[in-house]
Every structure is written in structure tokens, then in C-alpha cells.
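Here's the structure we're looking at; comments come further down.
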Amino acid sequence: MSDAYLALEDGRVIEARGRAPGRTRGELVFTTAYTGYEESLTDPSYEEQVLTFSYPLIGNYGVRSERFESDRVHPRAAIAREFTDDVAEWLAEEGVPAIDHLDTRELVTSIREEGAMRCGLAVGPDATPADAKAELDACKGMSEHVDIGAQVSVEEPTVHEGGSAATVAMIDCGAKGSIAESLLERDATVHVLPYDATPADVAAVDPDLLFISNGPGDPENFEAAEALVDEFVGDLPIAGICLGQQVVANALGGSTEKMDFGHRGVNQPVRDLDTDRVVMTTQNHGYTVGEPGDELNVTQVNVNDGTAEGLENEDLGVITRQYHPEAHPGPNDSLDFFDDVLDLVSTDTPVATSD
Numbered sequence: 008m009s010d011a012y013l014a015l016e017d018g019r020v021i022e023a024r025g026r027a028p029g030r031t032r033g034e035l036v037f038t039t040a041y042t043g044y045e046e047s048l049t050d051p052s053y054e055e056q057v058l059t060f061s062y063p064l065i066g067n068y069g070v071r072s073e074r075f076e077s078d079r080v081h082p083r084a085a086i087a088r089e090f091t092d093d094v095a096e097w098l099a100e101e102g103v104p105a106i107d108h109l110d111t112r113e114l115v116t117s118i119r120e121e122g123a124m125r126c127g128l129a130v131g132p133d134a135t136p137a138d139a140k141a142e143l144d145a146c147k148g149m150s151e152h153v154d155i156g157a158q159v160s161v162e163e164p165t166v167h168e169g170g171s172a173a174t175v176a177m178i179d180c181g182a183k184g185s186i187a188e189s190l191l192e193r194d195a196t197v198h199v200l201p202y203d204a205t206p207a208d209v210a211a212v213d214p215d216l217l218f219i220s221n222g223p224g225d226p227e228n229f230e231a232a233e234a235l236v237d238e239f240v241g242d243l244p245i246a247g248i249c250l251g252q253q254v255v256a257n258a259l260g261g262s263t264e265k266m267d268f269g270h271r272g273v274n275q276p277v278r279d280l281d282t283d284r285v286v287m288t289t290q291n292h293g294y295t296v297g298e299p300g301d302e303l304n305v306t307q308v309n310v311n312d313g314t315a316e317g318l319e320n321e322d323l324g325v326i327t328r329q330y331h332p333e334a335h336p337g338p339n340d341s342l343d344f345f346d347d348v349l350d351l352v353s354t355d356t357p358v359a360t361s362d
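Quick note: the sequence shown, position 257, residue 264 per this note's numbering, numbers continuous.
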């Protein structure tokens, strides 16, 4: 008899083995990453989602906290063909339901064909299909999580003391820890500000650079971050990663849209339009820039589907990436992005105004 049930938006209820108990719901997505499960599970961009691993065995090198990207597990639940005991015990301690012993190949194929979908899970000795369906019925779409930024952002400003290369005001929309670490490694000091920081909050830092982080959900729900871009563009260099690219695009006259099943994995190929060089990248996003608007130029595209992977405006000092140059997990092909970002604050490169 099964002790775990997964109810899908398409009407199916799938039986599985429970590895960590609980009842939950979220948007069902998958990652093709074959390593880095600790980083994926602690990535704030997975908030309000149920993460399916396409790689069949998750946990074969244990669980080490130094690999974590934040201080907790963010997916509402985790699914794999098989979890090792180490990972299952970790998820149980975190209060995150987990299931395995189901056909994840079929599940991933369904998501690719039907798109990311709402789901409900019931896991434990007393779980029933009806419990999973009840969770599904209560599940909201990602765009309906209008306050998702509050779930993943710092509540108060924090400072990571680095060096004198630059003072960075990072708007924490759900930032991975490796982003700040990548800037610190380049002798920058990083002030991490809440997702709803005001222009006065940013001005109080007296930064050389405004950085909009990655994060979960619909970029249109991050209105405060968008307002910061509108306020400071032309006066401060601006950079963004993942959700940050989408927020910048929305602020500068572009538009964003939800993807069918998104990009989540460590082997997404990206082509630079100037050099024609292709790099492999780590990605985790379900929304994308549909139209960049008149202020931004598309500089990089996804090889598989042509979506915008890089935006720039040299005159305004704006540079963004849809993927994660800091990787963790993933290839280090694009680490030089952070060098390009800090080059924006050089006194030899004046920033034009937007007027």
C-alpha cells in the first residue's frame, strides 16, 4: 500500500513512496541537473514550487551545509526516482515532504508536453488520494503569489564587508548566496537590501552599483524593485541576474511572459551574438523577457529556443543575464560576468543620463 500521493492539475493521481511526511502544494517543475541537489534545494527561486529531479538518484554524495545557497530548503516538496537516506532525513528535518519510487521520466515528459502545472501532495501513513486532491484544489498559480518576495528576502539590510573595488546595493528578491560571494571575491562590499527597499534606502548606502537579484515567481509582482531601476537608471550602473533581468526589462519598457516549463538545469547553451561564442549555463526560471523594449539590446540568446539570455545598454550602464553566471551548481563558463559588472563602476566609464 502506498503512503504518498501526487495529484496533478491534469486529473491524474500518482502513487509513490513517502520519504518525508507532510501535506503541501505548489507548481510542479523539473530540473535536469545531474549534480548540485543541495544547491538546488536551497535556491530561493524554487519557493512555492514542487521540484522534480530528472536525474534518477539524488543524494549519492551526502548533504553538506557549506554547499547551501540559503539557510533553508525552498521547494514546497521534492520528487525523485530515488532519494538516499541522507537527503530524505534532511528533508524530513526541514519539514519538506519528499516522495520517490515513481516514474520521473513520465512526470518530466508530462511537464514538457503540458507545461508546469499545479499539484498537491499527501505523504505519510494516513495519506489518501483525497488529501492530495484537497491540496491541489487549494493551490494557487505562481502569478497569484503577489507577496512571494517577502517569503525569501532579508527583513533588514545586511552588509558583507569586502574591499574597495565597489559598493554594491543588492536588492534581495531571493538571492542565492553565491552571487554575493562572487562579488566579494572581486573585492566589492555588498549591502543586501530587502526586496521592497525604497529609493531612500538605496541612497543611504551611497552605492556605486545597483544589483537586482534572482528570485521566485512573476517579475511583475516585484514592483518596488522595478521602481528602483526606474529611479536610478542613468545615475547608477545597474546589473541583474535571472528575475533581476526580467525586472530591469519591465522597468525600461520591455515585457515579460510565463514560459511553458521554463529552464532549470546546468547545461543550457547560450550564444553571445557579438562573439558567436556558446557557453553552458546554469538556469532556474519560469518567466522570460518577451520584448526587451527600446532601451535594451539583446546580446545573448538561448540556443534551444531563442529566448533572451543577456540584455545591455552601454550608454546607461545596464547589463543583465537570465542565467546564473555564479553557477553553484554548474559550469564556470560565464563567471566573467561579474568582472563586466564591476567594470561598470570604473571612473573611466561615465554613465549617461536617461533624459
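C-beta: ideal position from N, C-alpha, C; glycine also.
For this session: Using beta-carbon positions only, say whether Glu54 and Ile155 come within less than 8 Å of one another.
Result: By 1-based counting over the sequence shown, the position of residue 54 is 47. By 1-based counting over the sequence shown, the position of residue 155 is 148. Cβ distance < 8 Å, so Glu54 and Ile155 count as in contact.
For this session: May I ask you to verify whether the region 136-149 touches the region 170-180, counting CB pairs closer than 8 Å and requiring at least 3?
Result: no
For this session: Go through the region 55-93 residue by residue and report every complete run of the beta strand (DSSP E) that reaches 3 residues or more, in order.
Result: 56-60 and 84-86
Problem set entry | Backbone CA spacing between Asn67 and Phe90 [nearest angstrom] | As a first step, residue 67 is located in the sequence shown; it is residue number 60 there, counting from the start. As a first step, residue 90 is located in the sequence shown; it is residue number 83 there, counting from the start. Going by the C-alpha atoms only, they are around 9 Å apart.
For this session: Count the other CB atoms, across all protein chains shown, that sit within 10 Å of the CB of Pro63; report buried if there are 16 or more and exposed otherwise.
Result: Against the sequence shown, residue 63 aligns to sequence position 56. Classification for Pro63: exposed.
Exercise. Excluding five sequence neighbours on each side, which residues of the same chain lie with their C-beta closer than 6 Å to the C-beta of Leu7?
Worked result: Since the first and last residues shown for the chain are 8 and 362, residue 7 lies out of range.
For this session: Identify which residue in Pro82, Ala105 and Arg83 has its Cα closest to the Cα of Asp93.
Result: By one-based count along the sequence shown, residue 93 stands at place 86. Out of Pro82, Ala105 and Arg83, Ala105 has the C-alpha closest to the C-alpha of Asp93.
Exercise. Going by C-alpha distance, which of Glu142, Thr111 and Pro164 is nearest Thr39?
Worked result: Position 32 of the sequence shown, counted from the first residue, corresponds to residue 39. The shortest Cα separation from Thr39 among Glu142, Thr111 and Pro164 belongs to Thr111.
For this session: Classify Pro206 as helix, strand or coil using the three-state DSSP reduction.
Result: For the purposes of this step, residue 206 is taken as residue 199 along the sequence shown, with counting starting at 1. Reduced to three states, the DSSP call for Pro206 is helix.
For this session: Would you tell me roughly how many angstroms separate the C-alpha atoms of His331 and Thr289, rounded to the nearest one?
Result: Taking the first residue of the sequence shown as 1, we reach residue 331 at position 324. Taking the first residue of the sequence shown as 1, we reach residue 289 at position 282. Cα-Cα distance, rounded: 5 Å.
Exercise. When DSSP labels each residue in this structure, what does Val115 get in the three-state scheme?
Worked result: Taking the first residue of the sequence shown as position 1, residue 115 is located at position 108. Note: Val115 maps to helix in three-state DSSP.
Exercise. Along the chain, where does the alpha helix (DSSP H) that runs through Asp227 open and close?
Worked result: Taking the sequence shown and counting its residues from 1, the one referred to as residue 227 is at position 220. The sequence given here places Glu at residue 227; Asp does not occur at that position. Premise fails: Glu227 is in no alpha helix (DSSP H) and is neither H nor E.
Exercise. In its own chain, which residues sit with a C-beta less than 6 Å from the C-beta of Gly170, not counting the 5 before and 5 after it?
Worked result: Taking the first residue of the sequence shown as 1, we reach residue 170 at position 163. Asp194.
Exercise. Ordered along the chain, which non-local residues of its own chain (more than five positions away) have a Cβ less than 8 Å from that of Pro51?
Worked result: Working through the sequence shown from its first residue, we reach residue 51 at position 44. The answer, listed in chain order, is Glu76, Ser77, His81, Val159, Gly181, Ala182, Lys183, Asn221, Gly222 and Pro223.
For this session: For Leu35, write down the residues that DSSP places opposite it in a beta bridge.
Result: If you number the sequence shown from 1, residue 35 lands on position 28. Bridge partners of Leu35: Val57 and Met124.
Problem set entry | C-alpha gap between Leu98 and Arg30, whole angstroms | For this step, residue 98 is matched to residue 91 along the sequence shown. For this step, residue 30 is matched to residue 23 along the sequence shown. C-alpha separation (whole angstroms): 13 Å.
Exercise. Which word fits Ala137, buried or exposed, when buried means at least 16 other C-beta atoms lie within 10 angstroms of its C-beta?
Worked result: One-based indexing of the sequence shown puts residue 137 at position 130. Classification for Ala137: exposed.
Exercise. Is Asp301 near Gly260, with beta carbons less than 8 Å apart?
Worked result: Position 294 of the sequence shown holds residue 301. Position 253 of the sequence shown holds residue 260. Taking 8 Å as the Cβ cut-off, Asp301 and Gly260 qualify as a contacting pair.
Exercise. Mapping DSSP to helix, strand and coil, what is Leu191?
Worked result: Residue numbering aside, residue 191 sits at position 184 when the sequence shown is read from its first letter. Leu191 falls in the helix class under three-state DSSP.
Problem set entry | CA nearest to the CA of Glu121, picked from Gly18, Glu162, Gly324 and Val197 | On the sequence shown, residue 121 is found 114 positions in, with the first residue counted as 1. Out of Gly18, Glu162, Gly324 and Val197, Gly18 has the C-alpha closest to the C-alpha of Glu121.
For this session: Between the Cα of Ala256 and those of Leu280, Pro214, Asn304 and His270, spot the shortest distance and give me the residue it belongs to.
Result: By 1-based counting over the sequence shown, the position of residue 256 is 249. Out of Leu280, Pro214, Asn304 and His270, Asn304 has the C-alpha closest to the C-alpha of Ala256.
Exercise. Given Ala85, which residues of its chain have a CB within under 7 Å of its CB, disregarding the five upstream and five downstream residues?
Worked result: Stepping through the sequence shown from its first residue, residue 85 is reached at position 78. Here the set comprises Leu48, Leu58, Leu98, Val103 and Ala105.
For this session: Decide if Ala27 is buried, meaning its Cβ has at least 16 other Cβ atoms within 10 Å, or exposed.
Result: Residue numbering aside, residue 27 sits at position 20 when the sequence shown is read from its first letter. When all chains shown are included, Ala27 counts as buried.
Exercise. Using a Cβ-Cβ cut-off of 7 Å (strictly less than) and excluding sequence neighbours within five positions of Glu74, which residues of its own chain qualify?
Worked result: Position 67 of the sequence shown, counted from the first residue, corresponds to residue 74. As written in the sequence, residue 74 is Arg, which differs from the Glu given in the question. If we look at Arg74 and ignore the five residues flanking it on each side, its Cβ neighbours are Glu45 and Glu46.
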